[in-house]
Every structure is written in structure tokens, then in C-alpha cells.
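*Asks:* If you scroll down you'll find the structure; I have some questions about it.
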Amino acid sequence: MTELAPETRARVAARLRDQRIETASWAYGNSGTRFKVFPQEGVPRDPYEKLADAAVVHRYTGVAPTVALHIPWDLVEDYADLARHATELGVRVGTINSNVFQDNDYKLGSVTNPDAGVRRKAIGHLLECIDVMDRTGSRDLKLWFSDGTNYPGQDDVRTRQDRLAVALAETYARLGDEQRMLLEYKLFEPAFYMTDVPDWGTAYAHCIALGERAQVVIDTGHHAPGTNIEFIVAVLLRAGKLGGFDFNSRFYADDDLMVGAADPFQLFRILHEIVLADALSGRGIAFMLDQCHNIEPKIQAVIRSVLNVQEATAKALLVDHAALKAAQDDGDVLGANEVLMDAYHTDVRPLLRSVREDMGLDPDPIGAYKRSGYLEKVRAERVGGTQAGWGA
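Residue numbers for the sequence shown follow the numbering used here, beginning at 7 and rising by one.
As C-alpha cells, then:
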């Protein structure tokens, strides 16, 4: 597949222009491991400056118009004013992420904690996040719970699921008509024996019980080694319950590295399933970069991540579905695989450069960003105060 037919090029280019990838406010702040956080010059000091950096990413990519917030990491006095600021910068506030894992009260869990008072506090925060959504015009509330146990017998598994169901039901009932709840799962960490929402099946079961506006979020780093994530994608798409994606990469556990860094072929396979289901746009799936840039330049890394998703998407859009189905129907195992591999091995970078030119963008987003002098500008301006990072 060296030369693309004009009609194929036009079809793929149109889909790529419509693609939307949300970036996360915390990706622009300082982050690290439990051993060390390495600060960088020019890092934002508040949510307003985070939005400014996110707007730069959108300016050079053209496909990242929304920014996810994390409460209370992005705490401000006036969220409506923050939303107005975002609009002035050319972006919008996107998904609101809750935080019920960084308070001392949550040592034994948040909404599944044995203490009713702690559970009430956690639910209150979830409802507060919906208040923020009302003020910012956000559609999605994303919930991730670190709740779980470290030792057998520490707490009753079924009772904790009951507590979780109660909290989710109260939160779901508070949603507005156009708002959604996205439930994320994670195999382990920081709970090492048993996590209360450890897999897509648990998240799916709770979402089914809640209603159509409760959907599952897949984080690519939240699975056991070797898990066939594209299978999970296909099943949730079939059920109409895939609400969002947190894109990142991992080599061992939940490393939150740049998407496509560890296994770009996996990213292609995932996006192939999304394209097959015609769910790339218009189906309500929120595609977000959930990454921590510990040692690499932050804005440049986010731009690179957007480009990685675009490249995998372009390759997925190039799969010859008619040829693939014919090979599948004929039982041609190697022929079917060859159709996929042909698309995957195509160099789509020239196509993407052409798409960006058609959108009035520089064909080389990273080069354009480096030449802009933005990093040098914020390094000089953002002196003093406290840099944003985990918990701020």
C-alpha cells in the first residue's frame, strides 16, 4: 500500500480532520514516581496557566480542543471564570475527574470505606464535582477509585460492592440530562490484594445497573500483562457501554508513559476496532491522554502523543475492510492478517502533513512549537509561586 488512491486519501483525511483528543491538565504540571518528582522550568502554577499550555497544543495540532480537569488539583474560586478563560484561549473545559484517594480519611477506602462518615465525605466530593460540571459546561464525570484491600479478610468483598453501588447510584441521580458518568477500572495499585473496581466486567456490571448515561472508561495501562485490550474494546462497543479512553503506555505496571511508546501495534489494533464500529467520532467516546511526563518536556510530549494517536488512527482507517472480510469469510488466516499488517506498515506521515496543511496548520507541529519561543517565554514569566503538580 505505497500509493493511496485519491478517494481513499480524501476519505481518510476527512476522518482525521474530525478527530478529537482531549488533553489532561495534570500532564502540564510536575510529576514523578514515589521516589522523586523532577521539576521543570516554565511549568504552570495554576489551572489558568495549565489551560494556556493546553491551548498551545491545540494551536499546533488542531485536534485537541478540550482539557480535562482534576478536582481538587484544579481548584479555583470561580469555575465559570475558568471556563470563560478557556474559551478565550480557544479551548474548552472537558471531563471533570474526581479525587477520593489523596486524603488521610481514605486509608481504608472512600465510597467503600467501613466508616459511614468517610463514605459520606467521599460521595459529597463526587456531587461537588458535578457542581463544577454545571459551572464549566462539562459533559463527563470520570470516577476512579483506589479503594480495595491489602490482605485477605481485611473487609467483606460483597459488602464493599454494595457500598460502591449506593455511592454510584446517588451520584448518577445528581447528573443533569446531558451529563454522563464514566467509571474507570484498574487491576491493582494502591490496593494490592483486591481492588473494588479491578476490571471492565465489574465496571460494566455497575454501569448496567445505573442506566444508559453510565459508561466504562478503558485506561490502556490498567490491565494485566498480555491482556487483549482490543477485545474489551469490541465487547464494550457492541454493548454500547464504551464511554471513554485514557490513552497512555506502560512497560510493566501503570507507567503512564506516552501513548504508543511501548506497543504502537497495540494502539493500532485498538483503533482498528473503533474504526470498525464507526465510533471514531459521533458516538460519544471521549478520547483522552492520561499521561505523566516526568522527565520529558511536557508540552512537546503532549504534542508528540497527539501525533502518535493520529498516526495509529490513520493506519486503522487504511485497513481494506472489504478485503479483510473476504479473507475472513474464506478462512484465509494469513490473508486476513496480511490485510491488517499492510495498513499498519504504511507510512502515514506524509498524509498527516497534508491534512495539517489543509487545516491551515504547520505540517510539523513539534518543529513549529519549538520555533515559536513559547517555552522560553513561559520560563521567563513563570518565576515565583508554587508550580503545579500532583495534589496542586
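Each residue gets a CB set at the ideal place from its N, CA and C atoms; glycine is no exception.
Examine chain B for any beta-carbon lying closer than 9 Å to the beta-carbon of Pro53, and answer yes or no.
*Replies:* Reference to chain B is not applicable here, since this structure consists of a single protein chain.
*Asks:* I'd like the list of long-range same chain contacts for Ile129, defined as Cβ closer than 8 Å, with 5 residues on each side in sequence excluded.
*Replies:* Here the question's residue 129 lines up with position 123 in the sequence shown. Hits under 8 Å: Val117, Ala173, Glu176 and Thr177.
*Asks:* Considering only the beta carbon of each residue, do Val69 and Gln25 sit closer than 9 Å?
*Replies:* One-based indexing of the sequence shown puts residue 69 at position 63. One-based indexing of the sequence shown puts residue 25 at position 19. Yes, these two residues count as a Cβ contact at 9 Å.
*Asks:* With 16 other CB atoms within 10 Å as the buried threshold, where does Arg385 fall?
*Replies:* Within the sequence shown, residue 385 is the residue found at index 379, counting from 1. Result: exposed.
*Asks:* DSSP three-state label for Asn110, please.
*Replies:* On the sequence shown, residue 110 is found 104 positions in, with the first residue counted as 1. Correct three-state label for Asn110: helix.
*Asks:* Just how far apart, CA to CA, sit Gly115 and Leu313?
*Replies:* The residue given as residue 115 occupies position 109 in the sequence shown. The residue given as residue 313 occupies position 307 in the sequence shown. Near 38 Å, if we compare the C-alpha coordinates of Leu313 and Gly115.
*Asks:* Could you check what DSSP says for Ile291 in three-state terms: helix, strand or coil?
*Replies:* Counted from its first residue, the sequence shown places residue 291 at position 285. Note: Ile291 maps to coil in three-state DSSP.
*Asks:* Could you work out which residue in Leu188, Tyr54, Glu9 and Ser311 is closest to Ala89 when comparing CA atoms only?
*Replies:* The residue you call residue 89 lines up with position 83 of the sequence shown. Residue Tyr54 is the option with its Cα nearest to Ala89.
*Asks:* For Val354, which residues in the same chain have their Cβ closer than 6 Å to its Cβ, ignoring the five residues on either side in sequence?
*Replies:* For the purposes of this step, residue 354 is identified with residue 348 of the sequence shown, where counting begins at 1. Excluding sequence neighbours, Val354 sits near Glu317, Ala320 and Lys321.
*Asks:* To the nearest angstrom, how far is the alpha carbon of Gly341 from that of Pro270?
*Replies:* Working through the sequence shown from its first residue, we reach residue 341 at position 335. Working through the sequence shown from its first residue, we reach residue 270 at position 264. When rounded, the distance between both Cα atoms is 22 Å.
*Asks:* Could you check which residue in Leu286, Val63, Ala19 and Ile301 has the C-alpha nearest to that of Asn36?
*Replies:* On the sequence shown, residue 36 is found 30 positions in, with the first residue counted as 1. Checked all of Leu286, Val63, Ala19 and Ile301; the closest Cα to Asn36 is Ile301.
*Asks:* Check each candidate in Ala267, Val345, Ala58 and Leu189 and name the one with the smallest Cα separation from Ala215.
*Replies:* Taking the sequence shown and counting its residues from 1, one reaches residue 215 at position 209. For the residues Ala267, Val345, Ala58 and Leu189, the minimum Cα distance to Ala215 belongs to Leu189.
*Asks:* Could you give the distance in angstroms between the alpha-carbon of Asn119 and the alpha-carbon of Gln46?
*Replies:* Walking along the sequence shown from the start, residue 119 turns up at place 113. Walking along the sequence shown from the start, residue 46 turns up at place 40. Taking the straight line joining both Cα atoms gives about 37 Å.
*Asks:* Given a cut-off of 9 Å, decide if Tyr112 and Tyr157 are closer than it, judged by their beta-carbon atoms.
*Replies:* Mapped onto the sequence shown, residue 157 falls at position 151. Mapped onto the sequence shown, residue 112 falls at position 106. No, Cβ-Cβ distance for Tyr157 and Tyr112 is not below 9 Å.
*Asks:* Give me the Cβ distance between Val73 and Ile305, rounded to the nearest whole Å; I'm assuming they're in contact under 8 Å.
*Replies:* Translated into positions along the sequence shown, residue 73 becomes position 67. Translated into positions along the sequence shown, residue 305 becomes position 299. No, Val73 and Ile305 are not in contact; Cβ-Cβ is about 13 Å, not under 8 Å.
*Asks:* Can the beta-carbon of Ala394 be found less than 9 Å from the beta-carbon of Trp150?
*Replies:* As a working mapping, residue 394 is identified with position 388 in the sequence shown. As a working mapping, residue 150 is identified with position 144 in the sequence shown. Cβ atoms of Ala394 and Trp150: not closer than 9 Å.
*Asks:* Judging by CA-CA distance, which residue of Leu75, Pro71, Ala20 and Phe251 is the nearest neighbour of Trp32?
*Replies:* On the sequence shown, residue 32 is found 26 positions in, with the first residue counted as 1. Of the listed residues, the one whose Cα sits closest to Trp32 is Leu75.
*Asks:* For the 8 Å Cβ check, are there 3 or more pairs between the region 285-292 and the region 326-345?
*Replies:* Result no; under three Cβ-Cβ pairs closer than 8 Å.
*Asks:* Check each candidate in Ala19, Ala349, Val18 and Ala197 and name the one with the smallest Cα separation from Gln160.
*Replies:* As a first step, residue 160 is located in the sequence shown; it is residue number 154 there, counting from the start. Comparing Cα-Cα distances from Gln160 to each of Ala19, Ala349, Val18 and Ala197, the minimum goes to Ala197.
*Asks:* Based on Cα-Cα distance, which residue from Gln297, Gly227, Leu248 and Pro303 lies nearest to Gln272?
*Replies:* Numbered from its first residue, the sequence shown carries residue 272 at position 266. Closest option to Gln272, Cα to Cα, is Gly227.
*Asks:* Which partner residues does Thr201 have in the DSSP bridge list?
*Replies:* As a working mapping, residue 201 is identified with position 195 in the sequence shown. Paired residues: Gly154.
*Asks:* Going by beta carbon distance, what residues of the same chain come within less than 8 Å of Ala398, once the five residues before and after it are set aside?
*Replies:* As a first step, residue 398 is located in the sequence shown; it is residue number 392 there, counting from the start. Annotation note: pLDDT 49 at Ala398 (below 50); position unreliable, no value reported.
*Asks:* Closest to Tyr191 by C-alpha separation, out of Glu184, Gly182, Gln221 and Thr165, would be which residue?
*Replies:* For the purposes of this step, residue 191 is identified with residue 185 of the sequence shown, where counting begins at 1. Measuring from the Cα of Tyr191, the nearest candidate turns out to be Gln221.
*Asks:* Name the one or two DSSP bridge partners that Phe253 has.
*Replies:* Indexing the sequence shown from 1 puts residue 253 at position 247. BP columns for Phe253 point to Leu295.
*Asks:* On the DSSP letters alone, give me the boundaries of the beta strand (DSSP E) that Gly341 sits inside.
*Replies:* Taking the first residue of the sequence shown as position 1, residue 341 is located at position 335. From DSSP, Gly341 is part of no beta strand (DSSP E) but of the alpha helix (DSSP H) over Val339 to Tyr350.
*Asks:* Where does Ala60 land, buried or exposed, given buried means 16+ other C-beta within 10 angstroms?
*Replies:* Counting from one through the sequence shown, the residue named residue 60 turns up at place 54. Buried, because 16 or more other Cβ atoms sit within 10 Å of the Cβ of Ala60.
*Asks:* Tell me the residue span of the beta strand (DSSP E) that contains Ala74.
*Replies:* By one-based count along the sequence shown, residue 74 stands at place 68. Residues Thr72 to His76.
*Asks:* Taking Asp155 as the reference, which of Phe194, Val241 and Val99 has the closest Cα?
*Replies:* For the purposes of this step, residue 155 is taken as the residue at position 149 of the sequence shown. Before going further, note that residue 155 is Thr rather than Asp in the sequence given. Nearest option by C-alpha distance: Phe194.
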